[in-house]
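My numbering puts the sequence shown at residues 16 to 241.
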Amino acid sequence: MVPEHDEPILKHLKDIKVKFSDAGQPMSFVLEFHFEPNEYFTNEVLTKTYRMRSEPDDSGPFSFDGPEIMGCTGCQIDWKKGKNVTLKMIKKKQKHKGRGTVRTVTKTVSNDSFFNFFAPPEVPESGDLDDDSEAILAADFEIGHFLRERIIPRSVLYFTGEAVEDDDDDYDEEGDEADEIIDFLAMLALHCCVALSPVVASVGYSLVAVYGLLTAVDSLAVEHRL
């Protein structure tokens, strides 16, 4: 479910695009989330860059199963004062061990938000991650791959409904990982597709991908949850 504090911000999301990197990294790509001017941050575009390996590793060439995402980098969000929804203030009571007096302290802690998507865990040089970070990155990579390979290239087909039947055939049950991806895409779709149909004929190719999110999510939800 979309956190309530994210809803008014996501209403300003107007476009999602994918851009491919230079010749040196032909398989890497950047997801661009374009926003209207708003009262929450000054960025017009938020980006997520995915780095991919497209060649076998010299140490284990026979284990290569094809291109894979090796890492991702988000971007800095320039939040306006008091508008950062990825942080929240909490109050805690502390009791002095000696005197027994109680005081209230205020702390800033992380808050659940879609916009944490732009601040993924950093992969250390050793490559070792804790279980939580591994789970976050695994879901993150699946989302990036899904948007790049299925939604944006086939956005017009999703809009016309021609791609929905294909998705029903392509996806098997995948458990919790599929649910996480569906929830994420549903979150984007719900807040991007309001009143899109009347203007589809006059907008660019990539904007139709936003509507494609909604129809693709409906298809996946039926396959995985019902």
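Ideal Cβ placement from N, Cα and C applies to all residues, glycine included.
Nearest to residue i (by Cα), restricted to the options the options
i	options	result
K122	P135, K106, A134 and F133	K106
H49	F56, I31, K63 and T57	I31
F59	E149, T88, S43 and L28	It is Glu, not Phe, that sits at residue 59 in the sequence shown. For E59, the nearest C-alpha among the options comes from L28.
D21	T57, V100, G115 and T88	V100
S125	D147, L102, I151 and E157	L102
T57	T88, S43, E157 and K95	K95
P52	F44, K34, D93 and P18	D93
F156	R114, M104, K112 and S43	S43
K98	F130, K112 and G113	F130
H160	M104, E137, M85 and T116	M85
Span of the alpha helix (DSSP H) around residue i
i	result
F50	Unbroken run through F50 is the beta strand (DSSP E), F44 to F50; no alpha helix (DSSP H).
I3	As displayed, the chain neither begins before 16 nor continues past 241, which places residue 3 out of reach and without an answer.
Segment limits, beta strand (DSSP E) that includes residue i
i	result
I105	L102 to K110
K32	L28 to F35
K122	V117 to S125
Residue i in three-state terms, based on DSSP
i	result
R165	helix
E192	Here the model assigns E192 a pLDDT of 48, short of 50, so the residue's position is not dependable, and the following value carries that caveat. Three-state result, E192: helix.
G159	helix
P18	coil
Buried or exposed by the 16-neighbour rule on C-beta atoms within 10 Å, applied to residue i
i	result
S128	buried
M67	buried
P135	buried
F132	buried
R163	buried
S212	In this prediction, S212 scores a pLDDT of 37, lower than 50, which makes its location untrustworthy; the coordinate-derived value is nonetheless stated afterwards. Burial call: exposed.
V45	buried
R165	buried
Rounded distance between the beta-carbons of residue j and residue i, thought under 8 Å
i	j	result
K110	T119	11 Å between Cβ atoms; not a contact.
I24	Y55	5 Å
C87	T62	At roughly 10 Å, the Cβ-Cβ gap does not stay under 8 Å, so C87 and T62 are not in contact.
F47	K34	Phe is not the amino acid found at residue 47; the sequence shown has Glu there. Confirmed, Cβ separation roughly 6 Å.
Closer than 9 Å to chain D by CB, residue i
i	result
N99	Structure shown: chain D not included; a single protein chain is present.
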